Amino acid sequence: MGNGQWSMQAPCCARPCPPYAPFDLVFMMNRFHPKARRMIQEDFWWSFRRLWSVDPEYYRRAKIIYSSIVHPTTIINLTDPWIGNGARRRLEPNDGITNTGNALRFVRDHVFVKEHRDVIHMDAILLVLDENSDDDVKEAAQALRDDGVLIYTMFMNFNNSPNMQQLLDITGEKEHIFISDGQNEGIGDKIAKEMIGHMCANVCGLGDHSHDK
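Counting with the numbering used here, you get residues 1039 to 1251 for the letters of the sequence shown.
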């Protein structure tokens, strides 16, 4: 380093890096399936906590549950306290329609809004679903990605086969698509490390991270 500037690519530890990387995560679910809840609690969440500080200064999370619409009583915003089990009980019946595109637009318009966003936080969505979308997802997902939001999907392959093109339209990258049959397959650990991979080129010793387009 000379004159306050790196003469070559800055090392990982010179940039925000886990466990203290500022990060906002929105959980989106088309229903709160018990198996999906267990996967998130036992696999993803605990993997995430091993790798990341969950201090609110560094990590904030939000949640919505949707079917044809986003159910208002399920919404927890980035600035709201996370109230755990109480939030899980505030569920609306599933009306049999899965409008993921509409839910993505809702997140862009009402969750990742100026008054809730922190400019130094990386923004990401983890979309957990067990049905393909009944509406168009491409435009809404692209708008979020254009805003710099990373989108990941975890498709719970219980009763329906995933529409892989639709999932790719949502995430924009095949590496952000994860398929589960409901078993504890280490998917949570894979998703957590994939997210961390976007923090810096060399993820604090986890290895180089780049996606070929």
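Even glycine gets a Cβ: it sits at the ideal position worked out from N, Cα and C.
Predicted model, so just to flag it, every value in this text is computed and none were measured.
Check	Outcome
Which two residues bound the contiguous alpha helix (DSSP H) that contains residue 1144?	1138 to 1144
State whether the segment 1201 to 1221 contacts the segment 1182 to 1192, with contact taken as three or more CB pairs (one from each stretch) at a distance under 8 Å.	yes
Under the rule that 16 or more other beta-carbon atoms within 10 Å means buried, what is residue 1064, buried or exposed?	buried
Between the Cα of residue 1103 and those of 1133, 1097 and 1117, spot the shortest distance and give me the residue it belongs to.	1133
Would DSSP call residue 1149 helix, strand or coil?	helix
Looking at the secondary structure, which residues open and close the alpha helix (DSSP H) in which residue 1229 lies?	1225 to 1234
Between the Cα of residue 1206 and those of 1167, 1198 and 1215, spot the shortest distance and give me the residue it belongs to.	1215
In whole angstroms, what separates the C-alpha of residue 1236 from that of residue 1110?	31 Å
Look at the alpha carbon of residue 1198 and the alpha carbon of residue 1117, and state the distance between them as a whole number of angstroms.	35 Å
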